[in-house]
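Residue numbers (this note's numbering), protein chains in the order written: chain A, 10 to 120; chain B, 604 to 717.
For reference, the structure is listed below as structure tokens.
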């Protein structure tokens, strides 16, 4: 089983649509969770951390289910500028705190 | 907003040559990392560095790789005797005092081995 697995995509949606990304992780010892976005050939940029109680930042909502080892990201009222690859990222913790990335899901928002 | 900076943005090198990739982490950060991303693949962890020593390295980070913090600001990745398969984007990242905080990435160095 892959350490972090995401919907393979790609997703093509019209402006204004709601789109959901799903992610599962294999290591139950994982301690922190993030969504990053990556534009083509650019660096990963933090979109939001994901908290156990779920959290929202404007049009973006993240959820975490530790029992199912499942993370989600919902984008409402999608904009053209939301077009990017969305990376599910997990930190197993410990003294090294390395990040483990999913392969990403490409989103294209069309006018 | 403070940011991680990397140089050069693009490095082209002949196979077998040595390369040094440079990074300036965010100034008050204490944890430093190198990741790489081969074209079309996921971002992979290479090495983490804390308190002037490697805290963890992946299987990719073999004897041809080394890291150094030569002064108070720079963090370098050296690849000795480069191979074709080392061609990738290399990202430096840093994070603050709490290791569970999000990592902030530099804009990467694209390494092309000919």
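From the three backbone atoms N, C-alpha and C, an ideal C-beta is built for every residue, glycine too.
Residues near residue i in its chain [Cβ-Cβ closer than 6 Å; skip 5 each side]
i                      : result
residue 79 of chain A  : 33
residue 82 of chain A  : 30, 44, 71
residue 615 of chain B : 715
residue 26 of chain A  : 87
residue 115 of chain A : 18, 19, 94
residue 653 of chain B : 634
residue 99 of chain A  : 13, 34, 39, 42, 109
residue 645 of chain B : none
residue 771 of chain B : In the structure as shown, chain B starts at 604 and stops at 717, and residue 771 of chain B therefore has no counterpart that could be examined.
Residue i (DSSP reduced to helix, strand or coil)
i                      : result
residue 89 of chain A  : helix
residue 633 of chain B : coil
residue 688 of chain B : helix
residue 107 of chain A : coil
residue 78 of chain A  : coil
residue 641 of chain B : coil
residue 618 of chain B : coil
residue 713 of chain B : strand
residue 54 of chain A  : strand
residue 11 of chain A  : coil
residue 71 of chain A  : strand
residue 133 of chain A : For residue 133 of chain A there is no data in the structure shown, the boundaries of chain A being 10 and 120.
residue 610 of chain B : strand
Cβ-based burial, residue i [other Cβ within 10 Å; buried from 16]
i                      : result
residue 46 of chain A  : buried
residue 107 of chain A : buried
residue 104 of chain A : Low confidence applies to residue 104 of chain A: its pLDDT is 48, below 50, so where it sits in the model is not reliable, and the reading given next is rough at best. Result: exposed.
residue 11 of chain A  : exposed
residue 642 of chain B : exposed
residue 689 of chain B : buried
residue 49 of chain A  : exposed
residue 68 of chain A  : exposed
C-alpha gap between residue i and residue j, whole angstroms
i                      : j                      : result
residue 623 of chain B : residue 608 of chain B : 14 Å
residue 92 of chain A  : residue 52 of chain A  : 15 Å
residue 54 of chain A  : residue 694 of chain B : 12 Å
residue 678 of chain B : residue 23 of chain A  : 43 Å
residue 4 of chain A   : residue 663 of chain B : Any answer about residue 4 of chain A is impossible in this case: the structure gives chain A only from 10 up to 120.
residue 713 of chain B : residue 77 of chain A  : 37 Å
residue 658 of chain B : residue 16 of chain A  : 32 Å
residue 57 of chain A  : residue 620 of chain B : 39 Å
residue 681 of chain B : residue 637 of chain B : 11 Å
residue 85 of chain A  : residue 59 of chain A  : 17 Å
Closer than 7 Å: residue i CB and nearest the ligand ATP heavy atom
i                      : result
residue 685 of chain B : Within the structure as shown, the ligand ATP is missing, as the structure has no ligands at all.
Cβ neighbours of residue i in the same chain (closer than 7 Å, five flanking residues each side left out)
i                      : result
residue 618 of chain B : 685, 686, 687, 716, 717
residue 711 of chain B : 609, 692, 693, 694
residue 9 of chain A   : There is no way to answer for residue 9 of chain A, as the model of chain A reaches only from 10 to 120.
residue 625 of chain B : 609, 610, 677, 679
residue 75 of chain A  : 61
Own chain, CB closer than 8 Å to residue i, minus 5 neighbours either side, in chain order
i                      : result
residue 606 of chain B : 629, 707, 709
residue 661 of chain B : 647, 648, 649, 650
Partners in chain D for residue i, counting only beta-carbon separations shorter than 8 Å
i                      : result
residue 109 of chain A : The chain labelled as chain D is not found among the protein chains of the depicted structure, namely A and B.
Residues from the segment 642–656 of chain B in contact with chain A, defined by Cβ distance under 8 Å: 644, 645, 646, 647, 648, 651, 653
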